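Below is one structure, written out as structure tokens, with a few remarks after it.
Number of protein chains: 4
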Amino acid sequence: MSKYQYLKEQVYEANMEIPKEELAIVTFGNVSGVDRAEGVIAIKPSGVPYHRLKIEDIVIVDLDNVLVEGNMRPSSDTKTHTLLYRNFPSVGGVCHTHSTYAVAWAQAIKPIPNLGTTHADHLIPSIPVTEVMSDEMIQRDYEHETGNQILDLFSKQGLSYEEIEMVLVACHGPFTWGVDPAKAVYNSIVLEEIAKMAFLTLQINPNATAIKQSLCDKHYYRKHGKDAYYGQGC
Amino acid sequence: MSKYQYLKEQVYEANMEIPKEELAIVTFGNVSGVDRAEGVIAIKPSGVPYHRLKIEDIVIVDLDNVLVEGNMRPSSDTKTHTLLYRNFPSVGGVCHTHSTYAVAWAQAIKPIPNLGTTHADHLIPSIPVTEVMSDEMIQRDYEHETGNQILDLFSKQGLSYEEIEMVLVACHGPFTWGVDPAKAVYNSIVLEEIAKMAFLTLQINPNATAIKQSLCDKHYYRKHGKDAYYGQGC
Amino acid sequence: MSKYQYLKEQVYEANMEIPKEELAIVTFGNVSGVDRAEGVIAIKPSGVPYHRLKIEDIVIVDLDNVLVEGNMRPSSDTKTHTLLYRNFPSVGGVCHTHSTYAVAWAQAIKPIPNLGTTHADHLIPSIPVTEVMSDEMIQRDYEHETGNQILDLFSKQGLSYEEIEMVLVACHGPFTWGVDPAKAVYNSIVLEEIAKMAFLTLQINPNATAIKQSLCDKHYYRKHGKDAYYGQGC
Amino acid sequence: MSKYQYLKEQVYEANMEIPKEELAIVTFGNVSGVDRAEGVIAIKPSGVPYHRLKIEDIVIVDLDNVLVEGNMRPSSDTKTHTLLYRNFPSVGGVCHTHSTYAVAWAQAIKPIPNLGTTHADHLIPSIPVTEVMSDEMIQRDYEHETGNQILDLFSKQGLSYEEIEMVLVACHGPFTWGVDPAKAVYNSIVLEEIAKMAFLTLQINPNATAIKQSLCDKHYYRKHGKDAYYGQGC
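What follows is the structure, given as structure tokens:
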């Protein structure tokens, strides 16, 4: 039995949420999880359809993308995942999907404005979108640079990765993360719903404006921080 | 066995309609039911995903929000529910969801106009939307004040809660109610469908106008009041 | 055993397609079938949710709407069905739904233009929409007059009910019919899909025009009439 | 046992993906597969609903559309399939659907612009749309001419059928192909998702422009050609 069996199972379960929650079709999307003590991540193998995916197919690589265990190639997006793990030290899971409405906002190269409490329950600002990658970065090491695009965006805009666990990569789609693989996928589910609600809101009222700050803060802080009172406190 | 077992079962069943009818994702939404003789309500615990919810998780609180029975925290929206029960004496169940199209109208801060007989079968006027809550109310006792927003709206506009069993809270989402928890959820299902139909109608014809009064009344009164002839009369 | 058992079973099966094909929520919608030799129709009882509907609940009434057999009230739309049977002699089944996109076109009071071969496979002209009913007709005998609205439309526009087996009632929704209850429901399924396709087409290209006559005729007549070659010829 | 049993099974399985993936309602759509050594194709019979389709119903015809084996009429679109097989020598499967968003673009007579990496993962240019067929071609041999429309488009625009495995036929809907029937259906699934994403993107941002060439190429060539590194290389 693999010493990473527990991590593989966790990552397998999280990946299987993608088709169940309709966050991507065919082979698109991938979830990973990290074992910081061992210095490895577990990630979906590249191009495998979900209905054929098995726990033993999950690939183990270290944080420098070197294969540690597995018979299959890891996801082609692996370098984006590992760069995020190296720079976001409290993150335990990363999820990438091609969910329809989130991709549409990414293709429109528009941040998703915070229009209501469903959004405010999860983050205060708009869901940010990166710039389109430069030709130089594309030619260099594309998936690594995709991670850099995200890091640059958070750095330039002064955003906290612990407060904002989701981002749109321009012309591509969403990446989300969280304390573990299940939370990373949860954030992709929520992002897709927020993306759809924002789309519909602006169709109904093109002049709809962002939720007022006090109402936004109220919802965010009833779920986050020391005075949170949503959930079971565990 | 709890003396509230029957109420808990009723409320559990009503809550499980939310994911089944796709009225909210993950842990969003909550349904309650009241036992007026005992002076208590049963309500979903806060932040519990539906696929893990069990009958014994349902929480009993009194109408002043004091815990009566249960091992979990009640829904963070409990104070909205109890305020509605205290002011709407014939209501037996209350439902709150984040259903996609209803939320979009709430975020657009627009009442849903009555454009056809699907709407008119259930209520005569537009589905009303509250004003955005003032900063003072948000800071005070937010969930209690959410209930007050609803009560104020019905009072100012002279609406009957027995005729209009649904409302949109601005920038948030829908609340519905009815004679029992099942009817409250039924109204959330209907509201979501009406919200989607109205959205599509106005996309097809931005100049679509409200259904004429005589046709609206005909549909409403064939389902409501002493001359109703829809259904099995029981 | 009822002498109408076969008809009841056929009508029950056709009604159960409504929730399966998502043509209406909760209790909305109804399908009937006729036995011309016996002079009766079988129809869904009024206000019964589909998951509780049983074969023995199906109600038998004659073509003058007099109850022949059954313990429940027939659909409140029964008089519309019987009027169609009396005036459309080759019709064997009638279906009424509140399917979302068809209702949106009905509420927009716009005929659905024939924009492509999916539509042309089933009918040549636009899917017609009635006028809004006059106050006099609404007050008189509403469901009977709904049937009259359909008959008047077909008469005024010189339409053949055998060629055009679907119609939108303004501010209300679709009625469809066919040689038997199954074909009536089939037409409701097709209508909903055509309604959605036409909505999307005009969103993508507001200047999209009707399919050219020669292409429309080609598709219609490869499925209908003496030179048809689609299907298995039975 | 038929000597074409293996081909029939493959084609049956591919056809059954159409309802499962919601690419067409009722009897619409059809998939075929070719056995180049035997000079035959296997194809869905005309007008049979998917829930009644059996492996033995699959029809065998030769590349000149002559019936070789089967008790049912082949799909009315058979001549389009065979013409594509005769002119696209490396194609092993062809799929035709009436999937909703792809049909909407076809009815709008607009190519689907390449707005992001989901599209670029599969092809570089827009998804092309044919011209509307001339009256002469419609009268001649319609389904054969539908194939000719596709061949003319690829010839005039200098497109490679091996790089672009999907097309929209104006006012009608999509045809896709691939190395085998399963890949042909895969391309129909992907096309429908791309069509929906492009629709939503342009609703959110009507000024959204095509993905830049370098990013498009990067995604296309990480999945195609000698330097591909997506998937398991088999």
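Residue numbers (numbering that gives the first Met the number 0), protein chains in the order written: chain A, 0 to 233; chain B, 0 to 233; chain C, 0 to 233; chain D, 0 to 233.
Ideal Cβ placement from N, Cα and C applies to all residues, glycine included.
It should be emphasised that the depicted structure is a prediction, and the values quoted were computed from it without experimental measurement.
Original post:
How would you label D:V65, buried or exposed, when you count the other beta carbons within 10 angstroms and need 16 or more for buried?
Top reply: exposed
**OP:** Note down, in chain order, every chain A residue with its Cβ under 7 Å from the Cβ of D:Y219.
**Re:** Under the 7 Å cutoff, chain A gives no residues; its nearest Cβ is about 12 Å from D:Y219.
Original post:
Which residues of chain C have a Cβ atom closer than 8 Å to the Cβ of D:Y100, listed in chain order?
Top reply: L199
Subject >> D:H80 - containing alpha helix (DSSP H), residue span >> reply: 77 to 86
Original post:
When burial is assigned at 16 or more other CB atoms within 10 Å of the CB, is B:K53 buried or exposed?
Top reply: exposed
Original post:
Going along chain B, which residues have a C-beta under 8 Å from A:A207?
Top reply: Q106, A107, I108
**OP:** Compute the Euclidean distance between the alpha carbons of A:E144 and A:T79, then round it to the nearest angstrom.
**Re:** 7 Å
Original post:
With distances taken from CA atoms, which of B:S98, B:T96, B:I59, B:N70 is nearest B:T81?
Top reply: B:I59
**OP:** Return yes when the Cβ of C:I111 is within less than 8 Å of the Cβ of C:A194, no when it is not.
**Re:** yes
Original post:
Mind checking if D:L214 is an interface residue toward chain A, Cβ cutoff 8 Å exclusive?
Top reply: yes
Original post:
Should C:Q212 go down as buried or exposed, given a rule of 16 or more other Cβ atoms within 10 Å for buried?
Top reply: exposed
Original post:
Is the CB of A:D151 under 8 Å away from at least one CB in chain D?
Top reply: no
Original post:
Secondary structure at D:A169, three-state DSSP: helix, strand or coil?
Top reply: coil
**OP:** Return the first residue and the last residue of the beta strand (DSSP E) that B:V39 is part of.
**Re:** 39 to 42
Subject >> Beta-carbon contacts of B:E161 that lie in its chain and below 7 Å, excluding the five residues immediately before and after >> reply: S89
Subject >> Residue environment, A:S154, which counts as buried when at least 16 other CB atoms sit within 10 Å >> reply: exposed
Subject >> Distance cut-off 7 Å: B:S74 Cβ against heavy atoms of the ligand ZN >> reply: Inclusion of the ligand ZN in the displayed structure is not the case, the ligand content being empty and no account of it being possible.
Original post:
Cβ of C:G172 less than 8 Å from any chain D Cβ?
Top reply: no
Subject >> Reduced DSSP secondary structure (H/G/I, E/B, other) of D:S45 >> reply: coil
**OP:** Can you check DSSP and say which residues form a bridge with C:L66?
**Re:** C:V60
Original post:
Is the beta carbon of D:N180 sitting closer than 8 Å to the one on D:G92?
Top reply: Per the sequence shown, residue 180 of chain D should be read as Pro rather than Asn. Yes, they are a contact pair.
Original post:
Which two residues bound the contiguous beta strand (DSSP E) that contains C:V234?
Top reply: Since the displayed chain C opens at 0 and closes at 233, residue 234 of chain C lies outside it and no answer follows.
**OP:** Note down the Cα distance separating A:K7 from A:A41, rounded to an integer number of angstroms.
**Re:** 6 Å
**OP:** Check whether the Cβ of D:V236 lies closer than 8 Å to any Cβ atom in chain A.
**Re:** Residue coverage of chain D in this structure runs from 0 to 233, which leaves residue 236 of chain D outside it and unanswerable.
Original post:
D:Q202 touches chain C at which residues, Cβ-Cβ below 8 Å?
Top reply: Q202
Original post:
Residues of chain D with a CB under 7 Å from the CB of A:M165: which are they?
Top reply: Near A:M165 there are no residues of chain D at all, since even the closest Cβ is about 17 Å away, more than 7 Å.
Original post:
From B:Q231, B:L83, B:G28, pick the residue whose C-alpha is nearest to that of B:V178; which is it?
Top reply: B:L83
Original post:
Within this structure, are the beta carbons of A:G115 and B:A105 separated by less than 8 Å?
Top reply: yes
Subject >> Bridge partner(s) assigned by DSSP for A:P29 >> reply: Residue identity differs from the one stated: residue 29 of chain A is Asn in this sequence, not Pro. According to DSSP, A:N29 bridges with A:H95.
Subject >> Cross-strand partners of C:V128 (DSSP beta bridge) >> reply: C:L167
Subject >> Entirely enclosed beta strand (DSSP E) segments - the segment 170 to 222 of chain D, minimum 3 residues >> reply: 172 to 177
**OP:** Report the neighbours of B:R51 on chain A: residues whose CB is nearer than 9 Å to its CB, in chain order.
**Re:** Per Cβ cutoff of 9 Å: no residues; B:R51 is ~11 Å from chain A at best.
**OP:** Determine the contact status of A:I149 and A:V166, defining contact as a CB-CB distance below 8 Å.
**Re:** yes
Original post:
With respect to the alpha helix (DSSP H) encompassing A:G146, which residues constitute its N-terminal and C-terminal limits?
Top reply: 134 to 155
Original post:
What separation, rounded to the nearest whole angstrom, lies between the Cα atoms of B:E164 and A:L199?
Top reply: 24 Å
Subject >> Sub-8 Å separation of B:V47 and B:S31 beta-carbons >> reply: no
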